[in-house]
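**Q** Structure below; questions to follow.
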Amino acid sequence: MAGHSAGGSEQSRSSGSMGGNAAYAFSDLDAIVVVVGNPDDTTVYQKSTALHKPFWASSRTPFLRSLQQRRVHHCACSTIFNLVSILETLERSKSPGTSGPQLNFFKRSKDGSDQMQLFEEFLSSLKKHSPTGRLEKIGIFSKDHASGSLAADWKKFMAAHADLELIDVSSAVGALLVQKDSDEQELIHQAAKSSSSLLQGYVTDQILSVIDADKRAVTHSDLSEKIENAVSALSEKRAKFKVPSGVEPEHIEMCYPPIIQSGGNYSLKPSAVSDGEPLHPGAIVCSLGLRYRSYCSNVGRTFLIDPIPQQETDYKFLEETYDYLLSQIHTGLPLASIYTLGHDFVNTKRPDLEKSWLSTIGWSTGLEFREPDYIIGAKSTAKPHAVCDGMTLILMVGFANIHLQPKKQDPRANLYSLMISDTVLIQNGTARVLTECTRKLSDISYFFKSTSKKTKSKKTDHADESIEEIDDSDDDAKQGRTKMDTPVGRKIRTRSRTGHAKVDEEAMRRREAHQSGLLKKLVRDSLLKYTQEEEEGKDPSSAASFLKTGGSTAYKEIECYKKEAFLPKAVRDLKILVDAKNDCVVLPIFGLPVPFHVSTIKNVSKSEEGEFVYLRINFNSPAGDLLKSSSFVRSLSFRSTDSFHMLSCWKELNDLRKTYTTKEAESRERRDIVAQDALVEHTKSAGGVRERSARLQDLFMRPAPWEGKRVPGDLDVHANGVRYRSLLKPDVKIDILFSNMKHLFFQPCDNEMIVVIHMHLHHPIMIGKKKTKDIQFYREALENIVDETSTSSNSRRRVRYGGGGDEDEIIQEQEERRRRAVLNQEFKSFCERLEGQVSVDIPIRDLGFYGVPFRQTVLLMPTRDALIHLTDPPFLVVTLADVEVASLERILFGLKHFDLVFIWKDHSRAPQHVDSIPVSYLEAIRAWLDAADIYTMTSTINFNWINVMKTIQDDPIGFYEMGGWSIIQARPGGKRKDGEDDGKSEASSSSSDDDDSVYDEESEDENGEESDEIEEDASDDTTQDEEESDFDDDGTEDDEEEDEEDESEDDSKQHRKSAASSRGRK
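Structure (structure tokens):
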């Protein structure tokens, strides 16, 4: 249904201001008439179009419709005769008494020659079915516009019936549409997720690539058009950004052309357009909105390029204002009050920004992008509408045209604007943000200036720097890379040829301030946690841990037989009896059978002397204080001439001990196994066809679920998990539930021999006879490797390709690249099917670094949520959310390698070590850890973490009251803060005995020796490094990485004794 387009003179006869009570507004009407004309851009957001959507999936067809209390009249053009015929058939098939309105249909001829006569019949039908039998008042949408022959003829027809009173019902219909039901809310949520994905996954990359490449010719309108083309490509199945799961791409449209503004020319209004000025680094305001199945959404962000302190301060206040408004929105709050609350908040805390406060900060949205009667602005007091459950708002908070102080030479940089916009749903009385797009200052700030200066010096002075930049272009999808939500993903790393990174002083200052804040927050939260545990009656220092107990044996009550009557009858012979059923041995002692459980036996020995055979049974005995205060049996010896019986007892007892030990080991292995729910398989539909699920075929699994030869299997997705099984081993099924997946990683096969899907679990599961928390499914990238030395293979290659040499190699490389791309796309599509159930993480190879987490040097790659190594077992998955502190150790001038230690929030877990990391990665690792909000300590020595954690566990409250990790940071060899009291450091360091020192003296001595050796050869190394090249011709660092890996392996051998002592020496 669409707006009525009768002329302005007729419509002004009685415009009829409608009140907020929609039911009252409709009570005096005899009918509501709606006209849909030919589609154009001006008719997208109209009440008529909004009412037309529920009836027809497409609004491309001219249409005339009227609504009455119990009847709906349709006047359709010839292009939809078939659809009208179907509706007529359904109407005739309705049984008497069926609820719902009755339908009347009026068919237009193809040439429209009978339209006037058809309109007369249409009007007569309205009069006939009017409740009063008269037709006097007709509701219309006076502001809507309709074009085309149908709308023009209807306008002429209504002009001839001046006796009819036309009343505008736009406000009343708007009141009905403002509250969304659950289906509409879900469609708006899907539209909001799509808008967020477009902004984060595509628009941000395009803006940053323009700024990074210094493309001065790219204008705001060029970027806007490129974004529109990316959305249009979805209908052609050429996605340039990731569409959320459950969203059908062909139903996504732009709400309006994207608005890109920068360079001092800003207009923070929904009606603004992108001008033809070039994109200017500074404050870049971007706003866009997507429609999904005609339901609208909007998201807007400000990107700060090399921001100055004034811009950062203003943006932080904008965040504070935005969060304040979100917290104040609730059902029943007048829309005008939202604006007043925001204005008063700004005027109270930052009166200097009051004049820059926007005059409109939001509106209601849905089928119409902007409901004119539901505006949150300075003039919205005239229409006292209130917030209600089910309402969807676009909240747009910002400051326009702020003057920069002091002014810069560039006039375009002296004026900037800041804006945050989101789609908000009112649910259960509060506001819920639907556009899941980060708005933190650290996530929208990007720094390029320092890098550009270094680049210029490289050209002029032939400086020894190489710039390694992360490519965020569309090739990321091909190479399987992902974008991090933190600025580390965009960070540009600068290395010198000597391997040491040069750090921007401004970035270092920011990082130190951020680290100081992280330490304060960590100490505050930890004190609150342990204080609450103490108040609840828990002893925070009594946490069970292998670090604290030292692996001491736990004793338990053992009962072989509940009653004497349950003893075997053979004990009457008073001989040694091995009872395998009850896991015990019955020994005759002073004429009585005494049972001993096999777990009490330490070992059994047999000896022969003459005609006698001796059997000695040694028992487990207590140690320590129990040895002084307990009476116990250490051993029993038996002698017999029945050598056959004694040999049988010795053999049976040893076999029983082995069986029991194996059984207990399996029991301990399964002790922390959490029972999983049953896998819910896809059921058959009504037609008897099983619902199609995503599947990956011919995968290998690590660890292998069966012993022997490798057997491929298939991985199927079901309702609540995945199942791995092989046709060759149909009896073995491995079920993994989504609820048990802590991380799901997809590692492409670029620069690797395999493509991997890796699952890191919350709770371990049993694979065969072993438990595991890491399960990996992989496929080899190159299955068929040609033997280049084979004469037959060379002859076949010559016949096929018409020769040999370079052409063969080129074709083989092309085939390899094609196969890798196909594999990556196949695995990526499978992971996208899992997005709704579990978050998929992809490693960022550009931020990877070499280290020794176990016994050999491997490439460790950060992801959004973890640090991983998945190529070869043993696998490493360090969940960043579980890390409390990271310690950088052996940071000494002249050393080529350092160590990284992760200390967990759960102090009972042993810290995770990564040794022998090349020092060239130091600054990149520091920046990554800081961006991940992890407090980082720096030390010149290796700490003995067993003793450190034992000391913390003994008195955690006292540890954090003394300053927490700052007291360890200030120890000898660590980085001491200026002005810190030396006495406090000495007192804290003397809290443990000399044998339990928190740092490893042996490691310190070795580091000193290594430092001396390296200092002697420093000049030679520097000269040699200056002569080498950091990059190959293609811009890669393959040679550099290989050299670093070799150096890391050599250094790891020299440092193995130090690393071993720092990990587990007691």
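When you number the sequence shown by the UniProt record's numbering, it's gap-free, plus one each residue, and the end is 1066.
C-beta: ideal position from N, C-alpha, C; glycine also.
What are the complete alpha helix (DSSP H) segments, minimum 4 residues, inside the stretch 706-742?
**A** none
**Q** Going by DSSP, which residues form a beta bridge with THR302?
**A** Start at 1 with the first residue of the sequence shown, and residue 302 comes out as number 302. Answer is VAL285.
**Q** For THR936 versus HIS743, is the C-beta spacing smaller than 8 Å?
**A** Against the sequence shown, residue 936 aligns to sequence position 936. Against the sequence shown, residue 743 aligns to sequence position 743. No Cβ-Cβ contact shorter than 8 Å links THR936 with HIS743.
**Q** To test your reading of the DSSP string, which unbroken alpha helix (DSSP H) runs of 4 or more residues are found completely within the stretch 161-230?
**A** Counting only runs of 4 or more, we get 170-177, 182-198, 204-213.
**Q** What does the Cβ neighbour count give for ASP655, buried or exposed, with the cut at 16 atoms within 10 Å?
**A** Here residue 655 is taken as the residue at index 655 of the sequence shown, counted from 1. Classification for ASP655: exposed.
**Q** Which value, in whole angstroms, describes the spacing of the CA atoms of SER356 and THR340?
**A** Numbered from 1 along the sequence shown, position 356 holds the residue referred to as residue 356. Numbered from 1 along the sequence shown, position 340 holds the residue referred to as residue 340. When rounded, the distance between both Cα atoms is 15 Å.
**Q** What does the Cβ neighbour count give for PRO712, buried or exposed, with the cut at 16 atoms within 10 Å?
**A** Reading the sequence shown from its first residue, position 712 is the one you call residue 712. If you draw a 10 Å sphere on the C-beta of PRO712, you find fewer than 16 other C-beta atoms in it, and that means exposed.
**Q** I'd like the list of long-range same chain contacts for ARG511, defined as Cβ closer than 8 Å, with 5 residues on each side in sequence excluded.
**A** Along the sequence shown, read from residue 1 onward, the residue named residue 511 stands at position 511. Taken in chain order, the residues that qualify are ARG926, ALA927, ASP930.
**Q** Tell me, to the nearest whole angstrom, how far the beta carbon of THR365 is from that of THR392; I am working on the premise that it is less than 8 Å.
**A** Looking up residue 365 in the sequence shown gives position 365. Looking up residue 392 in the sequence shown gives position 392. Right, the Cβ-Cβ distance comes to about 5 Å (below 8 Å), so this counts as a contact.
**Q** Below 8 Å on the Cβ atoms is my contact criterion, and I expect ALA239 with ILE259 to pass it. Report the Cβ-Cβ distance as a whole number of Å.
**A** Start at 1 with the first residue of the sequence shown, and residue 239 comes out as number 239. Start at 1 with the first residue of the sequence shown, and residue 259 comes out as number 259. Actually they are not in contact, since the Cβ atoms of ALA239 and ILE259 sit about 23 Å apart, beyond 8 Å.
**Q** Alpha carbon to alpha carbon, how far is THR940 from LEU922?
**A** Along the sequence shown, one-based indexing puts residue 940 at 940. Along the sequence shown, one-based indexing puts residue 922 at 922. Rounded to whole angstroms, THR940 to LEU922 spans 14 Å at the Cα level.
**Q** For VAL883, report the span of its beta strand (DSSP E) as first-last.
**A** For this step, residue 883 is matched to residue 883 along the sequence shown. Note, VAL883: beta strand (DSSP E), 883-889.
**Q** Does the Cβ of VAL633 have 16 or more other Cβ atoms within 10 Å, making it buried, or fewer, making it exposed?
**A** One-based indexing of the sequence shown puts residue 633 at position 633. That one is exposed.
**Q** Going by C-alpha distance, which of VAL883, VAL919, GLN912 is nearest LEU892?
**A** Position 892 of the sequence shown, counted from the start, is the residue given in the question as residue 892. When each option's Cα is compared against that of LEU892, the closest is VAL919.
**Q** Going by Cα to Cα distance, which pick from LEU198, ILE375, SER235, PRO244 is closest to residue 1068?
**A** No answer is possible for residue 1068: the residues shown for the chain start at 1 and end at 1066.
**Q** Give me the Cα-Cα distance between GLN185 and LEU425, rounded to the nearest whole angstrom.
**A** Here residue 185 refers to the residue found at position 185 when the sequence shown is read from its first residue. Here residue 425 refers to the residue found at position 425 when the sequence shown is read from its first residue. For GLN185 and LEU425, the distance between alpha carbons rounds to 8 Å.
**Q** State the DSSP-derived secondary structure class of PRO956, mapped to helix, strand or coil.
**A** Within the sequence shown, the letter at position 956 stands for residue 956. Helix.
**Q** Relative to the C-alpha of LEU519, which residue among CYS749, ALA886, SER125 is closest?
**A** Against the sequence shown, residue 519 aligns to sequence position 519. When only C-alpha atoms are compared, the closest one is ALA886.
**Q** Below 7 Å CB to CB, which residues in the same chain sit around VAL598 once its five sequence neighbours on both sides are set aside?
**A** Within the sequence shown, the letter at position 598 stands for residue 598. Excluding positions up to five away in sequence, the list reads ASP583, CYS584, VAL585, LEU656, ARG657, TYR660.
**Q** Does chain C have any CB closer than 8 Å to the CB of LYS155?
**A** Absent from the structure: chain C. Only one protein chain is present.
**Q** Which residue from ILE402, PHE303, GLU505 puts its Cα closest to that of LEU441?
**A** To locate residue 441, count along the sequence shown from 1; it is residue 441. The option with the nearest alpha carbon to LEU441 is PHE303.
**Q** Between which two residues does the alpha helix (DSSP H) carrying ASP153 extend?
**A** Numbered from 1 along the sequence shown, position 153 holds the residue referred to as residue 153. Counting along the chain, the alpha helix (DSSP H) containing ASP153 begins and ends at 149-159.
**Q** Could you pull out every residue in the same chain whose Cβ sits closer than 6 Å to the Cβ of PRO853, ignoring the five residues on either side in sequence?
**A** Looking up residue 853 in the sequence shown gives position 853. Result list for PRO853: LEU876, VAL914, in chain order.
**Q** Need the endpoints of the beta strand (DSSP E) that LYS828 sits in, please.
**A** Counting from 1 along the sequence shown, the entry for residue 828 is found at position 828. Not the beta strand (DSSP E): LYS828 falls in the alpha helix (DSSP H), residues 806-833.
**Q** By Cβ distance, which residues of its chain are closer than 8 Å to LYS606, with the 5 residues on each side in sequence left out?
**A** Locating residue 606 in the sequence shown gives position 606, counting from the first residue. Answer for LYS606: VAL613, TYR614, LEU615, ARG616, MET646, LEU647, TRP650, listed in chain order.
**Q** What residue from LEU118, LYS47, ASP352, ASP954 has the CA that sits closest to LEU177's CA?
**A** By 1-based counting over the sequence shown, the position of residue 177 is 177. Closest by alpha carbon: LYS47.
**Q** Within the same chain, show all residues whose beta-carbon is closer than 8 Å to that of ARG432, passing over the 5 residues directly before and after it, in chain order.
**A** Within the sequence shown, the letter at position 432 stands for residue 432. Here the set comprises VAL424, LEU425, ILE426.
**Q** Considering only their Cβ atoms, is the gap separating GLU664 from VAL578 smaller than 8 Å?
**A** Along the sequence shown, one-based indexing puts residue 578 at 578. Along the sequence shown, one-based indexing puts residue 664 at 664. Not closer than 8 Å, so no.
**Q** Between LEU761 and LYS773, what straight-line distance do the alpha-carbon atoms span, to the nearest angstrom?
**A** Within the sequence shown, the letter at position 761 stands for residue 761. Within the sequence shown, the letter at position 773 stands for residue 773. Going by the C-alpha atoms only, they are around 5 Å apart.
**Q** Does the separation of the CB atoms of LEU737 and LEU699 fall below 8 Å?
**A** The sequence position of residue 737 within the sequence shown is 737, counting from 1. The sequence position of residue 699 within the sequence shown is 699, counting from 1. For LEU737 and LEU699, no; Cβs fall outside 8 Å.
**Q** Might you give, ordered along the chain, the residues of its own chain that have their beta carbon closer than 6 Å to the beta carbon of PHE447, omitting 5 neighbours on each side?
**A** As a first step, residue 447 is located in the sequence shown; it is residue number 447 there, counting from the start. So the qualifying residues of the chain are ASP306.
**Q** Taking all protein chains shown into account, decide if ILE952 is buried (16 or more other Cβ within 10 angstroms of its Cβ) or exposed.
**A** As a position in the sequence shown, residue 952 is number 952, starting the count at 1. ILE952 is buried by the Cβ-count criterion.
**Q** In whole angstroms, what is the alpha-carbon distance linking GLU253 and ASP735?
**A** As a working mapping, residue 253 is identified with position 253 in the sequence shown. As a working mapping, residue 735 is identified with position 735 in the sequence shown. Pairing GLU253 with ASP735, the inter-Cα distance amounts to about 39 Å.
**Q** With H, G and I counted as helix, E and B as strand and the rest as coil, what does DSSP make of GLU961?
**A** Translated into positions along the sequence shown, residue 961 becomes position 961. In the structure shown, GLU961 sits in a helix (DSSP, three-state: H, G or I).
**Q** Would DSSP call TYR446 helix, strand or coil?
**A** Within the sequence shown, residue 446 is the residue found at index 446, counting from 1. TYR446 falls in the strand class under three-state DSSP.
**Q** Would you kindly check if the distance between the Cβ of LEU900 and the Cβ of residue 1067 is under 8 Å?
**A** Outside the shown range of the chain, which is 1 to 1066, sits residue 1067, and nothing can be said about it.
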